[in-house]
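Enquirer: With this note's numbering, the residue at position 78 of the sequence shown is 68, and numbering never jumps.
By construction, the Cβ of each residue, glycine as well, lies at the ideal position given by its N, Cα and C atoms.
Could you have a look at this structure, given as structure tokens, before my questions?
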Amino acid sequence: MTVDGENMNIDGDTGIATRQDHKIKRPSMYQVVLLNDDYTPMEFVTWLLIRVFHKSEAEASRLMLQVHTDGRGVAGRYTHDAAKTKVFQVQQLAEKGGHPLQAIIEKAGPAE
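Below is the structure:
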């Protein structure tokens, strides 16, 4: 039975309606990973992290150095569609700037 848009059960013995709670599954999360290359300027990566991923200048610099030294760095965690949009933005801006910078999507582990 539906009452005011809610699913209700009617107890046959008492005639009392009880509400059924439905668990809503959280969407899977994905991380956007920037990959290092030997050609994209560090300043561009820092600018991109500020512009696309809304990082502070200090966080963008730290992340840029991580990409440079470790070969990769996680720019952010998003739902799948949002992650795809971020990767598309990175690709468009890198191409417009003439840089080979690449970003990929990976399934994220549990939130830290």
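DSSP has Thr30 in a bridge; who is on the other side?
Expert: Residue 30 sits at position 40 when you count from the first residue of the sequence shown. Checking the DSSP bridge columns, you'll see Thr30 has no partner listed.
Enquirer: Going by C-alpha distance, which of Ile95, Lys97, Ala84 and Ala73 is nearest Thr36?
Expert: Your numbering for residue 36 matches position 46 in the sequence shown. Measuring from the Cα of Thr36, the nearest candidate turns out to be Ala84.
Enquirer: Report yes or no: do the stretch 45 to 61 and the stretch 71 to 86 share at least 3 C-beta pairs separated by less than 8 Å?
Expert: no
Enquirer: Using only CA atoms, which one of Gln79, Lys45, Val23 and Ser18 lies nearest to Ala101?
Expert: Walking along the sequence shown from the start, residue 101 turns up at place 111. Nearest C-alpha to Ala101: Ser18.
Enquirer: Tell me, to the nearest whole angstrom, how far the beta carbon of Gly66 is from that of Asn26; I am working on the premise that it is less than 8 Å.
Expert: Here residue 66 refers to the residue found at position 76 of the sequence shown. Here residue 26 refers to the residue found at position 36 of the sequence shown. The Cβ separation is near 17 Å, so there is no contact.
Enquirer: In or out: Thr69 buried (at least 16 other Cβ within 10 Å) or exposed?
Expert: In the sequence shown, residue 69 corresponds to position 79, counting from 1. Classification for Thr69: exposed.
Enquirer: Please state whether the Cβ-Cβ distance between Leu104 and Leu91 is less than 8 Å.
Expert: For the chain, the structure presents residues -9 to 102; residue 104 sits outside this window and is missing.
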